[in-house]
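See below for the structure under consideration.
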Ligand SMILES: [Zn+2]
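Residue numbers (our numbering): 876 to 1136.
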């Protein structure tokens, strides 16, 4: 039974991990949290950022929403800005040093964007507006890669969505200030659960490339990119699509990695 697994799991956690890590929990209770990394991931049950990165309580400030999207800075807009509120708390409240936007393969939210207008999506009240934040990315991929297979197109849209969200992260003035000062770096990552590969958007080649070391991650992070928005995001998107075209989209897209150059 679904809930039984949770109750048993918690009993196991309390008797095992919690007990073995009393010092860690005592310290976190006493001193509060000071995570260095904020991750924006998808609600998808298969891509839990803490499980993927084997991190401990206190390590990650995690925002999860449909399709791992960051909306643009909208200071005067009405509404409940859940993702922006958490982003602000991480940056201004906790002074995180890294923001990671973590997209993933087989993303249902991004597929809804690919299939926008289909009748099975009409039951959702909020979905279209939310994923519409990255609609522009879908349109650019659709126009720019007319010969892509449906699988390749979905993957390209998932990755292009990460690039748009990176641009949106940089639209918040307090993010830009810190990125310009070199105290905050912004990263676009992509996880493919079929291959187990984690790749990162490389601003130099404009492609998502496998990431296997801290040096890879540092090199591909966006730092000192103040003033890079909104032209920055569009420029990266245009270069991304050009780079995919140049590779013939293989093997990069079908296996979630780009092994060229
Ligand atoms: Zn997803």
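Ideal Cβ placement from N, Cα and C applies to all residues, glycine included. None of these values were measured; they are calculated from a predicted model.
Beta carbon of residue i nearer than 8 Å to that of residue j
i            : j            : result
residue 1115 : residue 1032 : no
residue 985  : residue 953  : no
residue 1066 : residue 913  : no
residue 940  : residue 918  : yes
residue 1020 : residue 1028 : yes
residue 935  : residue 925  : yes
Cβ neighbours of residue i in the same chain (closer than 8 Å, five flanking residues each side left out)
i            : result
residue 890  : none
residue 956  : 946 and 949
residue 1078 : 1095, 1097 and 1111
residue 1092 : 1062, 1075 and 1086
When the options are compared against residue i, the one with the closest alpha-carbon
i            : options                   : result
residue 910  : 1057, 880, 967 and 1088   : 967
residue 992  : 1007, 980, 981 and 979    : 1007
residue 1026 : 1055, 1002 and 989        : 989
residue 1118 : 1080, 1089, 1108 and 1090 : 1080
residue 1030 : 1013, 1053 and 879        : 1013
residue 921  : 978, 887, 933 and 883     : 978
residue 1060 : 998, 1045 and 1068        : 1045
residue 1068 : 892, 1090, 923 and 884    : 923
residue 1072 : 882, 908, 980 and 901     : 980
residue 1113 : 1016, 1088, 1123 and 1047 : 1016
residue 974  : 1051, 1002 and 929        : 1051
6 Å CB neighbourhood of residue i in its chain, flanking five on each side removed
i           : result
residue 938 : 915, 958 and 961
residue 880 : none
Span of the beta strand (DSSP E) around residue i
i            : result
residue 978  : 973 to 979
residue 1054 : Where residue 1054 is concerned, there is no enclosing beta strand (DSSP E), although the alpha helix (DSSP H) it sits in stretches over 1048 to 1056.
residue 897  : Looking at the DSSP string, residue 897 is not in any beta strand (DSSP E); the run it does join, the alpha helix (DSSP H), is 897 to 906.
residue 1067 : 1060 to 1067
residue 935  : 935 to 940
residue 1085 : 1082 to 1085
Beta-carbon proximity list for residue i, same chain, < 7 Å, skipping 5 on both sides
i            : result
residue 1063 : 976, 1037, 1038, 1041, 1075 and 1076
residue 1010 : 988
residue 1121 : none
residue 905  : none
residue 1043 : 945, 946 and 947
residue 1108 : 1038, 1039, 1041 and 1042
Contact with chain B by residue i, beta-carbon distance below 8 Å
i           : result
residue 916 : Of the chains in the structure shown, none is chain B; there is only one protein chain.
Whole-Å CB distance - residue i paired with residue j, under 8 Å assumed
i            : j            : result
residue 1083 : residue 1034 : 5 Å
residue 972  : residue 1058 : 7 Å
residue 969  : residue 932  : Wrong, their Cβ atoms sit about 15 Å apart, outside the cutoff.
Any non-hydrogen atom of ligand 2 within 7 Å of residue i CB
i           : result
residue 923 : Ligand 2 is not part of this structure, which contains only ligand 1.
Where the alpha helix (DSSP H) containing residue i begins and where it ends
i            : result
residue 1072 : First-last for residue 1072: 1072 to 1077, but that is the beta strand (DSSP E), not the alpha helix (DSSP H).
residue 1021 : Looking at the DSSP string, residue 1021 is not in any alpha helix (DSSP H), and its letter there is neither H nor E.
residue 986  : 983 to 989
residue 926  : 924 to 928
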